[in-house]
Amino acid sequence: MTTPEGRTFTADTDVRLASLWADVQFGAHWDDGLPPFDQHDVMNDMIDEVHAMQDGEIPGYTVTESSP
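Residue numbering for the sequence shown follows the working numbering, starting at 7 and increasing by one per position.
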């Protein structure tokens, strides 16, 4: 994933990419103290956001897949 500012994030799964993105949005330890269901909700939202970026629904972000 590349942000409009030129930051690049690399991950092997959508879940890992969403986790990296959550760290940027909320801080490295955003999930400390959150109940598991709340963590799950946040991660689902982040995965949806990554998919929206990938589909071009959020301008300025690029998400590409690479072959192994």
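Every residue, glycine too, gets a C-beta built ideally from N, C-alpha and C.
All figures in this text were calculated on a predicted structure; none of them were measured in a lab.
Closest option to Met49, judged by alpha-carbon separation, among Thr70, Val30 and Gly66: Val30. Residues of the same chain with a CB within less than 8 Å of the CB of Val56, apart from the 5 flanking positions on each side, are Met7, Asp20, Leu23, Ala24, Trp27 and Val69 in chain order. Straight-line spacing of the CA atoms in Gln45 and Asp37 works out to 6 Å.
Beta bridge pairing from DSSP links Thr8 with Thr14 and Thr68.
Inter-residue distance for Met52 and His35 is about 15 Å (C-alpha atoms, whole angstroms). A distance below 7 Å between beta-carbons, with the five flanking residues on each side excluded, links Gln60 to the following residues of its chain, in chain order: Val69.
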